[in-house]
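J.: I am attaching a structure below and will ask some questions about it afterwards.
There are 2 protein chains.
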Amino acid sequence: MREARAEVVLRAIGRVRSDASTVPRHWSVSDVEGALVVEPEYEGGLAGIEAGQKIVVLFHFHKSPDFSPGLLQQTPPGGAGPRGVFTICSPRRPNPIGLSVLDVLGVEGNVVRVRGLDMFDGTPILDIKPHITG
Amino acid sequence: MREARAEVVLRAIGRVRSDASTVPRHWSVSDVEGALVVEPEYEGGLAGIEAGQKIVVLFHFHKSPDFSPGLLQQTPPGGAGPRGVFTICSPRRPNPIGLSVLDVLGVEGNVVRVRGLDMFDGTPILDIKPHITG
Chain A
10 MREARAEVVL
20 RAIGRVRSDA
30 STVPRHWSVS
40 DVEGALVVEP
50 EYEGGLAGIE
60 AGQKIVVLFH
70 FHKSPDFSPG
80 LLQQTPPGGA
90 GPRGVFTICS
100 PRRPNPIGLS
110 VLDVLGVEGN
120 VVRVRGLDMF
130 DGTPILDIKP
140 HITG
Chain B
10 MREARAEVVL
20 RAIGRVRSDA
30 STVPRHWSVS
40 DVEGALVVEP
50 EYEGGLAGIE
60 AGQKIVVLFH
70 FHKSPDFSPG
80 LLQQTPPGGA
90 GPRGVFTICS
100 PRRPNPIGLS
110 VLDVLGVEGN
120 VVRVRGLDMF
130 DGTPILDIKP
140 HITG
């Protein structure tokens, strides 16, 4: 018997804060600075994050339109032709989760100052993970 | 005014399939082979994934117990002492999303054969992304 498609309900652990009115399309080409402000109840989970580290941030593409079958293949900006959505970083994907690798500038209380933002001010943060290159 | 904590509802795009009865605790030390089987409706999104590539897989830690404040700091296996949950890969985290970097062995239809699994058979897959090292 086929298993049902699992539904997963998440809640933001905080928000991105930034003064930037525009952001680069990808963290790998971004120098934008800002902050990850986590809910006070999660402050203890930041223990050990230090300036100079890289961290992985998962976030909600909260401004993206709903996914539709016509978006299964998309041509990225500057791209030569359509590519499978699972091979590109488009925010228009079946589950609108983004992943950015950011440089930590410092941590004070429930605020992580970062560089490399490609998210808008107000973006809901879902998780912060160590950056492991394997 | 404080913004409400955003709720995000996701649905699995597929499932991990593996014959392994146990898995290593992290992809970086895993040679376990298996498959990512995506729902047929998403097969077109795999176009461009090829053997020899690395991919990032986001998945649901569907067997993890609910998070509680006592888990904000945890001592990893073999670790020297408690660390903030956002600095470790524990499956017991505020939003139970896992991230693994896997080696692609091949793609046939809606099935991606992979090596490096640290997920159980049946794990719901939430997203597949390109592996970008910046």
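Chains as they are written, first to last, in our numbering: chain A, 10 to 143; chain B, 10 to 143. Glycine included, each C-beta is placed from N, C-alpha and C at the ideal position.
1) Could you list the residues in the region 64–98 of chain B with a C-beta less than 9 Å from some C-beta on chain A, going in chain order?
2) If contacts are defined as beta-carbon pairs under 8 Å, then LEU55 of chain B and VAL66 of chain B qualify, I think. What distance do you get, rounded to the angstrom?
3) Spell out whether any CB of chain A is found under 8 Å from the CB atom of THR142 of chain B.
4) Going by DSSP, what residue range makes up the beta strand (DSSP E) through PRO86 of chain B?
5) Here's the rule I'm using: 16 or more other beta-carbon atoms within 10 Å means buried, otherwise exposed. How should ARG24 of chain A be labelled?
6) Return no unless some Cβ of chain B is closer than 8 Å to the Cβ of GLY57 of chain A.
7) Secondary structure at VAL81 of chain B, three-state DSSP: helix, strand or coil?
8) Please check if any C-beta of chain B sits within less than 8 Å of the C-beta of ARG20 of chain A.
9) Of all the CB atoms in chain B, is at least one closer than 8 Å to the CB of GLY118 of chain A?
10) Consider the Cβ of PRO103 of chain B: report whether some Cβ of chain A lies at a distance smaller than 8 Å.
11) Below 8 Å between beta carbons: does that hold for GLY53 of chain B and GLN82 of chain A?
12) Could you tell me whether any Cβ in chain A is nearer than 8 Å to the Cβ of PRO133 of chain B?
13) Quick check on ASP136 of chain A - is its C-beta less than 8 Å from some C-beta in chain B?
14) With PRO139 of chain A as the anchor, note down where its beta strand (DSSP E) starts and where it stops.
15) Following the continuous beta strand (DSSP E) through SER109 of chain A, name the residue where it begins and the one where it ends.
T.: According to the structure data:
1) Listed in sequence order: ILE64, VAL65, LEU67, HIS69, HIS71, PRO78, LEU80, LEU81, GLN82, PRO91, ARG92, GLY93, VAL94, PHE95, THR96, ILE97 and CYS98.
2) If you number the second sequence from 1, residue 55 of chain B lands on position 46. If you number the second sequence from 1, residue 66 of chain B lands on position 57. Actually they do not touch by this definition, with Cβ atoms about 12 Å apart.
3) In the second sequence, counting from the first residue as 1, residue 142 of chain B sits at position 133. THR142 of chain B counts as touching chain A.
4) Translated into positions along the second sequence, residue 86 of chain B becomes position 77. Segment: none, PRO86 of chain B is in no beta strand (DSSP E) and carries neither H nor E.
5) Locating residue 24 of chain A in the first sequence gives position 15, counting from the first residue. ARG24 of chain A should be labelled buried.
6) On the first sequence, residue 57 of chain A is found 48 positions in, with the first residue counted as 1. By this cut-off, GLY57 of chain A is an interface position.
7) Indexing the second sequence from 1 puts residue 81 of chain B at position 72. Strictly speaking, residue 81 of chain B in this sequence is Leu, with Val absent from that position. In the structure shown, LEU81 of chain B sits in coil (DSSP, three-state: anything other than H, G, I, E or B).
8) The residue labelled residue 20 of chain A in the question sits at position 11 within the first sequence. Taking Cβ atoms only, chain B reaches closer than 8 Å to ARG20 of chain A, which makes this a yes.
9) Position 109 of the first sequence holds residue 118 of chain A. Judged by the 8 Å Cβ criterion, GLY118 of chain A is not in contact with chain B.
10) Position 94 of the second sequence, counted from the first residue, corresponds to residue 103 of chain B. At least one CB atom of chain A sits nearer than 8 Å to the CB of PRO103 of chain B.
11) Numbered from 1 along the second sequence, position 44 holds the residue referred to as residue 53 of chain B. Numbered from 1 along the first sequence, position 73 holds the residue referred to as residue 82 of chain A. It is a contact, given that the beta carbons lie within the stated cut-off.
12) Reading the second sequence from its first residue, position 124 is the one you call residue 133 of chain B. Yes, contact with chain A.
13) For the purposes of this step, residue 136 of chain A is taken as residue 127 along the first sequence, with counting starting at 1. So yes, ASP136 of chain A belongs to the interface.
14) Position 130 of the first sequence, counted from the first residue, corresponds to residue 139 of chain A. Its beta strand (DSSP E) spans residues 133–139.
15) In the first sequence, the residue the question calls residue 109 of chain A occupies position 100. Segment 106–117, the beta strand (DSSP E) holding SER109 of chain A.
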